[in-house]
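I have placed the structure first, in the form of structure tokens, so that the comments after it can refer back to it.
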Amino acid sequence: MVCRSHELVPGYKDPRNDSVESREIRRSKPTWTSNSRRVQGHIAVKSKAASSPRKSLRARFVSSIYATHNNSRQVGLALGQCLSVLSSGSRGLVVGAGSTKLHPALINLDIACGETIDVCASAEHLPFPDEVFDLVLSQEVLEHVRDPFQAMCEMKRVLKKGGILYCQVPFIIGYHPGPTDFWRFTKEGVQELIQRAGLTCQELKVAVGPGTGFYRIFVEFLAVIAARLWRKLYIPVKGTCALFFYPLKWLDPILAGGPQCDRISGGYLAIARR
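So in the working numbering, the last one in the sequence shown is 1625, and the numbering has no gaps at all.
Structure, rendered in structure tokens:
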């Protein structure tokens, strides 16, 4: 389902009608806001929905305090490196875009429609012909997909030869359905995803380190204890602990390069080429 206009993607198939062989998706102007975050030379433009006063206080708190994995230095550098390939005439795809617009040349795809979503579809069945994108990005999405190997093969299929795939996945994190939550990935698991898809791994490293991994589980553990005493304590205790123990994340730069950091790292990022 097409949710909003974007630039032409030859051969795009509308999932609502298999007989539709192509659809014009005209380019729309990005929504530049003061609530943008810098990604190594590029601006990540948050959607109107993301910056709207109507967005719940809880959602804002989670994105700015608890779930900051997309804002780590390692992620910013890696994303900047990948986004730099988007020259004039290039096309890119974000699988599982959520509410963030990373670059005006990127088409945003998600399972749920929204303000910044261009195409509404599943990561396991991308509605595009083969070899149409120079860059495909996937951030913290594959844990929510029933078959991550199929999704990875689909992302490889729509990549042009020589195209780049950026993939970011969690390792140590609590259950977080969105709307489902199936998987966690070790470093070897990420390598297996890339190899099975037939891609060449160029870089594989920690996205968020052991400090974040411990922080996530410790905060969750304390909230679970509180919920055992009274169910309604879970959210307020988790929020309080998330704020109070936030400095644990500051250990990531110190521990990320250690010999045993892979044991409890928060997650990994990989850059692969077709």
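Ideal Cβ placement from N, Cα and C applies to all residues, glycine included. Just so we're clear, the structure is a prediction, and the values are computed from it rather than from any experiment.
Where the alpha helix (DSSP H) containing residue i begins and where it ends
{"i": "T1563", "result": "1561-1580"}
{"i": "Y1585", "result": "1585-1595"}
{"i": "R1411", "result": "1408-1412"}
{"i": "E1505", "result": "1499-1509"}
{"i": "C1612", "result": "Element bounds for C1612: n/a, residue is neither H nor E."}
With 16 other Cβ atoms within 10 Å as the buried cut-off, status of residue i
{"i": "E1539", "result": "exposed"}
{"i": "E1494", "result": "buried"}
{"i": "G1513", "result": "exposed"}
{"i": "A1463", "result": "exposed"}
{"i": "L1408", "result": "exposed"}
{"i": "V1575", "result": "exposed"}
{"i": "H1476", "result": "exposed"}
{"i": "L1620", "result": "buried"}
{"i": "Y1526", "result": "exposed"}
{"i": "T1451", "result": "buried"}
{"i": "K1583", "result": "exposed"}
Identified DSSP bridge partners for residue i
{"i": "S1489", "result": "C1518"}
{"i": "I1545", "result": "Answer is none; I1545 lacks a bridge partner."}
{"i": "G1443", "result": "L1457, L1486"}
{"i": "A1623", "result": "L1516, C1552"}
{"i": "C1471", "result": "D1461"}
Beta-carbon proximity check, residue i vs residue j, cutoff 9 Å
{"i": "C1433", "j": "L1488", "result": "yes"}
{"i": "V1559", "j": "L1573", "result": "no"}
{"i": "K1600", "j": "G1562", "result": "yes"}
Check: residue i C-beta below 8 Å from any heavy atom of the ligand FMN
{"i": "V1445", "result": "Here there are no bound small molecules, and the ligand FMN is not part of this structure."}
For the region 1422-1433 against the region 1517-1531, are there 3 or more C-beta pairs whose distance is under 8 Å? yes
Assess, as a yes-or-no matter, whether the region 1557-1571 is touched by the region 1580-1598 under the definition of 3 or more beta carbon pairs within less than 8 Å. yes
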